[in-house]
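Numbering (this note's numbering), first residue to last: 15 to 350.
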């Protein structure tokens, strides 16, 4: 599965809505899965199948997960305000994180109940178990198909992974029912639940790690900081780069701030526009804010060090897409 931030020509615009059809995909997915949870839980109680009940619990957590992902996708379309200068696009990162945590909590419940059943196995109606799980394969497979086109977005990818995991789980339950019919061994049902739990954890761990890193302003996967630094230092007139920061604004957008030391003087707006085009083309960084520092020998322009070394930097509140202005007053030290 691809990370959501690709190097190599991925052009991210400013106001990202979910791709066309994803709103409909969320609505259909939630409706289908809610109906299926009701059927599966009912039959799970009737057939006394822990595998069906655990799958129903997992499906219910996915309905909630889909609702959270949909809500975040809608929030991401909100325009920036004076208080939230990037809009509410970061909600997509929080949704992906919450989704992963939710899945792992559901797994905890499944594991606990399955261990109880392993200690004291109970008879299972394997036929009903297989039929209901078969319906689950169709419902989850179809829902996963609806989200197939949005893999570059961690939020949509989370929804897709959930549905694929559900379809795989339902397939496991069908095979388990078959094994119970053949062997009459009731312990297969809770043992299968534990396998299901392991599959869910394996599929969710990457999503958890990635969304947690992004929520802590970590560098998005697929972007190597040495490469970004080298690209900036290779630009004409740049002697040194410092205060370089790269972080995710949302599950599809990346921002960057950097200070470029250019002893030859401010290079003008054309240089800034070209630098930002290059950052977008090579690293998918659509929001770059560049500060030019001169540091000429023999002058008191900042001296040898950056004037902001001991100060908190507050950059990135605005998207400077090729329109940084000469003579910006940075930290009380105007540039020539």
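C-beta atoms are modelled at their ideal positions from N, C-alpha and C, and glycine is treated no differently.
Mind checking residue 160: buried by the 16 CB within 10 Å criterion, or exposed?
Around the beta-carbon of residue 160, 16 or more other beta-carbon atoms lie within 10 Å, marking it buried.
Tell me the rounded alpha-carbon separation between residue 287 and residue 304.
10 Å
Residue 201 versus 131, 249, 255, residue with shortest Cα-Cα distance
Residue 201 has its Cα closest to that of 131, out of 131, 249, 255.
CA-CA distance, residue 35 and residue 41?
Here residue 35 scores only 47 on pLDDT, less than 50, and its place in the model should not be relied on; the value that follows carries that caveat. In a straight line, the C-alpha of residue 35 is about 10 Å away from that of residue 41.
Can you find the residues in the same chain that come closer than 7 Å, C-beta to C-beta, to residue 110, ignoring five residues on each side of it along the sequence?
Residues of the same chain with a CB within less than 7 Å of the CB of residue 110, apart from the 5 flanking positions on each side, are 168, 169, 172, 221, 225, 265 in chain order.
With 16 as the cutoff for other CB atoms within 10 Å, does residue 268 come out buried or exposed?
buried
My parser needs the alpha helix (DSSP H) runs of 4 or more residues fully inside the stretch 96-183; what are they?
105-133, 140-160
Pick helix, strand or coil for residue 303, following the three-state DSSP scheme.
In the displayed model, residue 303 falls within a strand according to three-state DSSP.
Per DSSP, what kind of secondary structure is residue 230 in: helix, strand or coil?
coil
Between the Cα of residue 278 and the Cα atoms of 48, 246, 148, 252, which residue gives the shortest distance?
252
Which residue's Cα is closest to the Cα of residue 138: 206, 123, 218, 174?
206
By a C-beta neighbour count over all protein chains shown, 10 Å radius and 16 as the cutoff for buried, is residue 147 buried or exposed?
Residue environment analysis places residue 147 among the buried positions, since at least 16 neighbouring C-beta atoms fall within 10 angstroms of its C-beta.
Per DSSP, the bridge partner or partners of residue 262:
268
Test item: CB-CB of residue 124 and residue 71 under 8 Å:
yes
Report yes if the C-beta distance between residue 262 and residue 228 is below 8 Å; otherwise report no.
yes
Cα-Cα, which of 68, 50, 47, 135 is closest to residue 118?
68
Between the Cα of residue 153 and the Cα atoms of 126, 129, 63, 178, which residue gives the shortest distance?
Of the listed residues, the one whose Cα sits closest to residue 153 is 178.
Residue 284 - partner residues in DSSP beta bridges
DSSP output for residue 284 lists no bridge partner at all.
Around the Cβ of residue 82, are there at least 16 other Cβ atoms within 10 angstroms (buried) or fewer (exposed)?
buried
Can you say whether residue 60 is buried or exposed, counting buried as having 16 or more other CB atoms within 10 angstroms of its CB?
exposed
For residue 92, which beta-bridge partners are listed by DSSP?
Answer is none; residue 92 lacks a bridge partner.
With H, G and I counted as helix, E and B as strand and the rest as coil, what does DSSP make of residue 36?
DSSP places residue 36 in helix when its eight states are reduced to three.
Give the straight-line distance between the Cα atoms of residue 187 and residue 143, rounded to the nearest whole angstrom.
7 Å
Three-way DSSP call (helix, strand, coil) for residue 289 in this model:
helix
Other residues of its chain near residue 208: CB distance less than 6 Å, five sequence neighbours each side excluded
128
Once you ignore the five residues that flank residue 120 on each side, which residues in its own chain have a CB closer than 7 Å to its CB?
71, 72, 75
Please tell me whether residue 184 and residue 145 are closer than 8 Å, where the distance is taken between their beta carbons.
No, Cβ-Cβ distance for residue 184 and residue 145 is not below 8 Å.
Beta bridge counterpart(s) of residue 274 as assigned by DSSP
255, 306
What is the DSSP secondary structure of residue 298, reduced to helix, strand or coil?
DSSP places residue 298 outside both helix and strand once states are collapsed to three, so it counts as coil.
Range of the contiguous alpha helix (DSSP H) that encloses residue 250:
Counting along the chain, residue 250 sits inside no alpha helix (DSSP H), nor does DSSP assign it H or E at all.
Pull up the distance between the alpha-carbon of residue 333 and that of residue 89, whole angstroms please.
Any reading at residue 333 needs caution, since the residue's pLDDT is 38, under 50, leaving its predicted position unreliable; the model's value is listed next. C-alpha separation (whole angstroms): 19 Å.
Going by C-alpha to C-alpha distance, which of 248, 112, 254, 307 sits closest to residue 289?
The option with the nearest alpha carbon to residue 289 is 248.
Is residue 174 buried or exposed, if buried means 16 or more other CB atoms sit within 10 Å of its CB?
Note on residue 174: 16 or more other CB atoms within 10 angstroms of its CB, so buried under the neighbour-count rule.
With burial defined as no fewer than 16 other Cβ atoms inside 10 Å of the residue's Cβ, what is the status of residue 86: buried or exposed?
Buried.
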